[in-house]
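Trainee:
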Amino acid sequence: MDESLQELEAELKTLQPRRAAPRWLAQVNRELAAELPASVRPRYATATNLSSWKWLGWRTAGLAALALVAAFVAINFRQPQSAPTDRTLAAATPAVPAPASVAAYQPVTATNVLYDLKDEGAVKIDGDTSARQVRARFVDTYTWKNPRNNASIKWTVPRDEVRVMPASYNPN
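Just so we're aligned: the sequence shown equals residues 1 to 172 in my numbering.
(1) To which residues of the same chain is E161 closer than 6 Å at the C-beta, ignoring the five residues directly before and after it?
(2) Using C-beta distances below 7 Å, list every residue in its chain close to Y105, excluding the 5 sequence neighbours before and after it, in chain order.
(3) Going by beta carbon distance, what residues of the same chain come within less than 6 Å of L66, once the five residues before and after it are set aside?
(4) Let me check understanding here. Comparing Cα to Cα, which of V164, Y115, S130 and V134 lies closest to P158?
(5) Can you tell me whether D126 is helix, strand or coil according to DSSP?
(6) Three-state secondary structure (DSSP) at A110?
(7) Check for me: the alpha helix (DSSP H) holding R23 runs from which residue to which?
(8) Run through DSSP, which three-state label would S152 get?
(9) Given this structure, state the Cα-to-Cα distance separating T109 from R148, to the nearest angstrom.
(10) For T143, which beta-bridge partners are listed by DSSP?
(11) The alpha helix (DSSP H) that contains S168, what's its start and end?
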């Protein structure tokens, strides 16, 4: 196969391209030299013109950056409104004890239900060591209750557990 490729390469090297017809060359030169009329010429030919569409992206980015700086300055350097002093605030609000935690949920139960156990066959670990891969699928359910109003929340989560156990051969 290497010889056939070398023969093909040698044959291709001997080939010479044909000269282009003079009429065709003249037509191509005429078409390339012809200037486009003003109505067909693209409006923006280069990016050197500042009113070019290519500068629109930079203008937009600059305006966005300017707006962000103005927003940052307006938020961080504005005068704080007259806030009541601690004495005034203490006199105005009566002392009310803080309410107990509204949602005082406590864990009550946690259950694990095995719904699928599959032996996925032999696998190789650490080079030549044989092992068996076993996939166990569980559904874990957690329950929380609020002792004040007896409300409860149940959360059910699926879980896959993959175990790789060394394979052993017992002839007995």
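The beta carbon of each residue, even a glycine, is placed where N, CA and C say it ideally should be. For clarity, every value in this text was computed on a predicted model and none was experimentally measured.
Mentor: Reading off the structure:
(1) A136
(2) W144, K145, N146 and I153
(3) none
(4) Y115
(5) coil
(6) strand
(7) P22 to A33
(8) strand
(9) 18 Å
(10) T109 and K154
(11) Run containing S168: none; DSSP gives neither H nor E here.
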